[in-house]
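Asks:
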Amino acid sequence: MEIDDIRNLSDIELEEELSSVKRELMNLRFKVATMQLANVNEVSKAKKRIARIHTVKRERELVKENL
150 MEIDDIRNLS DIELEEELSS VKRELMNLRF KVATMQLANV NEVSKAKKRI ARIHTVKRER
210 ELVKENL
């Protein structure tokens, strides 16, 4: 999911996406630990998605503070 797609989500959808990606990251880490994951780059991609979501949440907080 690109940053523009994330920015178009509502606050509730953003929280749902964040919990979904965190759950996915936990599962990916478990698979890496048990050597079941062939592509370990998926862990990095999930972390970046989490960072993007946190960035959008922070942007929205700053906009609300300036109003």
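Residue numbers (my numbering): 150 to 216.
Every residue gets a Cβ at the ideal spot worked out from N, C-alpha and C, and that includes glycine.
1) For Ile202, count neighbouring Cβ atoms within 10 angstroms of its own Cβ and tell me buried if that reaches 16, exposed if not.
2) Candidates Arg209, Ala200 and Lys213: which alpha carbon is nearest Met150's?
3) For the alpha helix (DSSP H) containing Asn157, list its first residue and its last residue.
4) Taking only the alpha-carbon atoms, compute the straight-line gap between Leu163 and Lys206 and give it to the nearest angstrom.
5) Hey, out of Glu214, Asn215, Val170 and Arg209, whose CA is closest to Asn157's CA?
Replies: Taking the geometry as given:
1) buried
2) Ala200
3) Looking at the DSSP string, Asn157 is not in any alpha helix (DSSP H), and its letter there is neither H nor E.
4) 8 Å
5) Arg209
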